[in-house]
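A.B. asks: Next up is a structure, given as structure tokens.
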Amino acid sequence: MEPQQWFWVGISAFLAATIIPYLILKYIYHKLLANVLNYLFYILLFWMWIFAIYETPGIRRRRLEKAGVKERQVIVDLGCGPGRFVFLASKIIGPEGKVYALDIHPLNIAIVTVRKAIGGYKNINVMYADCHATQLPDKAIDLVFINDAFHEFADKDTLKEVARILKTDGILAIDEHEMREAKFMRIIESANLFTLIEKEKKLYKFKLLIGD
Ligand SMILES: C[S@@+](CC[C@H](N)C(=O)[O-])C[C@H]1O[C@@H](n2cnc3c(N)ncnc32)[C@H](O)[C@@H]1O
């Protein structure tokens, strides 16, 4: 869908999801309770609506493509959360590739597992693991994708694990908005495992130093 269509979908969902519960609650409870709940719901919906406009599947797909995700690759979404990029990545990669969706939070893993089952995605492997010890084999991965998560496990051990699982010509793509660039680059450089090959806004792409 185009951003304009998302705009109208957002408005309709917003109206339906605020007015209908409001009417139901107003009917069931006292007016004050209905108002309070409706207000809370309004705030939640407002952010969902903003999110829907600014992060359409098209926008997310372009972010994956810029990170270097291509057909037939084997990739890991490290700290995948509830799967914001996992399912689009699965479509780009196709049946001959594989997406490892790895997270340390059981709720995220449950959500991705259910979404995978509902959508019938065969090329996704859901992994409940710590990124410091992924259980993945050596030199198995074409691309490690880390979106909005590196700041949660930014240390040398993570980078060592990523270097272990990446193929010699593999790519580490990190989209990082939380950390200041100087600190981010200091952590990467101090590990002495990766070299920066490309940077666009907050998307950093690295290759292995040993791959030179
Ligand atoms: C801010 S969320 C980002 C989620 C997702 N990448 C996105 O863009 O929506 C960070 C994620 O990193 C995960 N995480 C934190 N520490 C981790 C670790 N040591 N190993 C694996 N995942 C971790 C959290 O559970 C969380 O889902």
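Take the sequence shown: its position 144, counted from the start at 1, is 143 in our numbering, and no numbers get skipped. C-beta: ideal position from N, C-alpha, C; glycine also. Note that this is a predicted model, so its numbers are computed, not measured.
In whole angstroms, what separates the C-alpha of residue 74 from that of residue 7?
C.D. replies: As a position in the sequence shown, residue 74 is number 75, starting the count at 1. As a position in the sequence shown, residue 7 is number 8, starting the count at 1. Spanning the two alpha carbons is a distance of roughly 34 Å.
A.B. asks: First and last residue of the beta strand (DSSP E) that includes residue 138?
C.D. replies: Locating residue 138 in the sequence shown gives position 139, counting from the first residue. Counting along the chain, residue 138 falls outside any beta strand (DSSP E), and DSSP gives it neither H nor E.
A.B. asks: Return the chain-ordered ranges of every alpha helix (DSSP H) run that is complete within the region 56-103 and spans a minimum of 4 residues.
C.D. replies: If we require 4 residues or more, the alpha helix (DSSP H) runs fully inside the region 56-103 come out as 56-66, 85-92.
A.B. asks: My assumption, with CB atoms under 8 Å, is that residue 91 sits in contact with residue 63. Please give the rounded CB distance.
C.D. replies: Taking the sequence shown and counting its residues from 1, one reaches residue 91 at position 92. Taking the sequence shown and counting its residues from 1, one reaches residue 63 at position 64. Between residue 63 and residue 91 the Cβ distance is about 6 Å, and since that is below 8 Å, they are a contact.
A.B. asks: Could you name the residues, in chain order, whose CB is less than 5 Å away from a heavy atom belonging to ligand 1?
C.D. replies: That query returns the following residues: 78, 80, 83, 102, 103, 104, 107, 129, 130, 146, 147, 148, 151, 152.
A.B. asks: So, does the CB of residue 109 fall closer than 9 Å to a CB anywhere in chain C?
C.D. replies: Absence of chain C from the displayed structure is noted, only one protein chain being present.
A.B. asks: Please say whether residue 98 and residue 123 have beta carbons closer to each other than 9 Å?
C.D. replies: Translated into positions along the sequence shown, residue 123 becomes position 124. Translated into positions along the sequence shown, residue 98 becomes position 99. Yes, Cβ-Cβ distance for residue 123 and residue 98 is below 9 Å.
A.B. asks: Does the Cβ-Cβ distance between residue 153 and residue 183 come in under 9 Å?
C.D. replies: As a first step, residue 153 is located in the sequence shown; it is residue number 154 there, counting from the start. As a first step, residue 183 is located in the sequence shown; it is residue number 184 there, counting from the start. Taking 9 Å as the Cβ cut-off, residue 153 and residue 183 qualify as a contacting pair.
A.B. asks: By Cβ distance below 8 Å, which residues in the same chain neighbour residue 87 in space, the five residues on each side in sequence not counted?
C.D. replies: Locating residue 87 in the sequence shown gives position 88, where the first residue counts as 1. Answer for residue 87: 56, 59, 60, 63, listed in chain order.
A.B. asks: Once the 5 residues before and after residue 135 are set aside, which same chain residues still bring their CB inside 6 Å of it?
C.D. replies: Locating residue 135 in the sequence shown gives position 136, counting from the first residue. Closer than 6 Å at the Cβ level, and outside the excluded window around residue 135, lie 164.
A.B. asks: Output the distance between the C-alpha atoms of residue 108 and residue 77, rounded to the nearest integer angstrom.
C.D. replies: For the purposes of this step, residue 108 is taken as the residue at position 109 of the sequence shown. For the purposes of this step, residue 77 is taken as the residue at position 78 of the sequence shown. Their Cα atoms are separated by approximately 12 Å.
A.B. asks: Suppose the cutoff is 7 Å on Cβ atoms and the five residues either side in sequence are ignored; what does the same chain contact list for residue 176 look like?
C.D. replies: Translated into positions along the sequence shown, residue 176 becomes position 177. So the qualifying residues of the chain are 147, 201.
A.B. asks: Work out the CA separation of residue 157 and residue 185 for me, nearest whole Å.
C.D. replies: Start at 1 with the first residue of the sequence shown, and residue 185 comes out as number 186. Start at 1 with the first residue of the sequence shown, and residue 157 comes out as number 158. So the two alpha carbons sit approximately 14 Å from each other.
A.B. asks: Classify residue 193 as helix, strand or coil using the three-state DSSP reduction.
C.D. replies: The count along the sequence shown starts at 1 and reaches residue 193 at position 194. Reduced to three states, the DSSP call for residue 193 is strand.
A.B. asks: Nearest to residue 5 by CA position, among 54, 46, 17, 15, is which residue?
C.D. replies: Mapped onto the sequence shown, residue 5 falls at position 6. Comparing Cα-Cα distances from residue 5 to each of 54, 46, 17, 15, the minimum goes to 54.
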